Structures are given as C-alpha cells and as structure tokens.
Amino acid sequence: MSRMPPKAGGVAAIAGALVLSVGTYLHPLGADPNDAPAAFAEYAADPFWVWTHLTQFLGVALMLVGLVALRDAMEDENTAWVARLGLVFGIAALASAAALQAVDGVALKVMVDQWASVPPDQKQGAFVAAFAVRQIEIGLATFLSLLFGAAMVLYGAAMARTRGFPHWLGWLGAIGGLGMVASALLLARTGFSPVEMAVAMPSSVIAILWFILVGVVLWRR
C-alpha cells in the first residue's frame, strides 16, 4: 500500500490548523455561551455563521489528512499500532465534527433566526426548540473533544517512542489531548461553563500548536 508523502501531510496539517484558527477567530464570542438568550441573539445577528462553521470543519478535515501522513511516517516503527489506533479515533472525530457543524452551523442558526424573528407570543416556544438543538450541539461537541483528544494522546504516545521524531513533541500532543478529554468531561456535566472554557481554550491552543509543529516535522522529512 502506498504511503502519503510527508510533505503533503505536513502542508495539510499546517493549513488545517491555520484554517481552524481563522474559523474560530471569526466565531462570535461576545456573549456567555452558557447564557442561551444572549448567545442566541448574538448568533442570530451574525451573517457569516454558516461559513464560519464550514471553515472550522475544513480545518479539522485537513488536520486529519496530516494525521494520515503522520501514521504513514510511523508505519515501520514498533509503535505503529498505537498510531493506527489514533487514526481510528481521528476518523471518528472527523465524523463527529461533521455532525456537530450540521447541528451547530446549520440547524441552530435556523432555529435562532426563527426565535429572533417570531412575534413575542411565540418566542417561548421558539426558544425551547432552539435550546433543544443547543443540547444536541453540546452532546456532539463533547464527543468531538473526547475523540480528538484520544487521537492526540495516542499519536503523542507513539511519537514519544518513535525514532526520528522529537520526543518532547509527542509529550506535548499527549498533554494537549488529555486537556481535550478533560474538557469533554466538563462539557458533558456543565455545558459551556467558565471552568470548561478555562480547560478547553488552552488545550485547543496546544492542539493547534502541535499540529503546526507536526506539519513542520513532516515537511522536513
């Protein structure tokens, strides 16, 4: 079976991390995400909501391409099976990301737009419907963070024991992945709470940095 060229995977990993960062930067973050009425009003006023979330999904998809190349680069090592297992979790994470963006990026936008535009006597019912979609979003976001974090932990563990890769970079990926797993557990229990965000934000920054560095390593191979 032919392997993905490391340079192609490196470009994909770096591009995916940058595209995801752009999509996240464009996402409105002024309102407290746990304050549903304030968050919904902010989302309804955003004309680029759908495109922002499609950008985020594209970033995750490109990052997965980078993981495929990273797995191929480890194919001859004793830890190759760990990387292969990490890729399985990565593919599941990509599927979760697609479902999340379908709910958050498309369905929730329709519901909050409807809630913002209906007459006052219909707002309560429209809000309950939008809030239900929000809970589905939280469930999908929980599993995305859990699966993506597990993939990073496995890849990090494999990289830390693989010749030709910086071992410290493997540990960095594992630490970022563990942070994402912790964020997922908090998200499932508390929603987009301040404590969950305090764990999720630095973990996401580590993940972005890790993918960029992995891309550089793959390119140099």
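Note that the sequence shown covers residues 235 to 455 in the numbering used here. Just so you know, even glycine gets a beta-carbon here, dropped at the ideal spot from N, CA and C. Because the structure is a prediction, the values reported are computed rather than measured.
Classify residue i as helix, strand or coil using the three-state DSSP reduction.
| i | result |
| --- | --- |
| leucine 406 | helix |
| threonine 424 | helix |
| glycine 250 | helix |
| glutamate 309 | coil |
| proline 400 | coil |
| proline 240 | helix |
| arginine 455 | coil |
Which residue from the options puts its Cα closest to that of residue i?
| i | options | result |
| --- | --- | --- |
| glutamate 276 | Phe282, Thr286, Ala265, Phe445 | Ala265 |
| methionine 386 | Phe399, Ala364, Met414 | Met414 |
| isoleucine 325 | Gly300, Thr313, Val346 | Gly300 |
| leucine 412 | Arg397, Phe282, Leu252, Met435 | Met435 |
| alanine 270 | Lys241, Phe365, Ile440, Phe445 | Phe365 |
| alanine 246 | Tyr389, Leu298, Ser255 | Leu298 |
What do you get for residue i, buried or exposed, if any count of 16 or more other CB atoms within 10 angstroms of its CB means buried?
| i | result |
| --- | --- |
| aspartate 338 | buried |
| glutamate 309 | exposed |
| aspartate 306 | buried |
| tyrosine 259 | exposed |
| alanine 279 | exposed |
| valine 429 | exposed |
| proline 240 | buried |
Tell whether a beta-carbon distance below 8 Å holds between residue i and residue j.
| i | j | result |
| --- | --- | --- |
| leucine 176 | glycine 243 | The chain is shown from 235 up to 455; residue 176 falls before or after that span and cannot be answered. |
| phenylalanine 426 | asparagine 268 | yes |
| valine 316 | alanine 391 | yes |
| glycine 404 | alanine 394 | yes |
| leucine 296 | glutamine 335 | no |
What I want to know is whether the C-beta of residue i ends up closer than 7 Å to one or more non-hydrogen atoms of the ligand NAP.
| i | result |
| --- | --- |
| glutamine 290 | Absence of the ligand NAP is noted for the structure shown, with no ligands found whatsoever. |
Any beta carbon of chain C sitting closer than 8 Å to that of residue i?
| i | result |
| --- | --- |
| tryptophan 453 | The displayed structure is made up of one protein chain only, and chain C is not part of it. |
- [ ] Could you pull out every unbroken alpha helix (DSSP H) segment of at least 4 residues lying fully inside the region 318–394, listed in chain order?
- [x] Runs found: 342–351, 357–394.
Task: Length at least 3, wholly inside the region 258–297: the beta strand (DSSP E) runs in chain order - done: none
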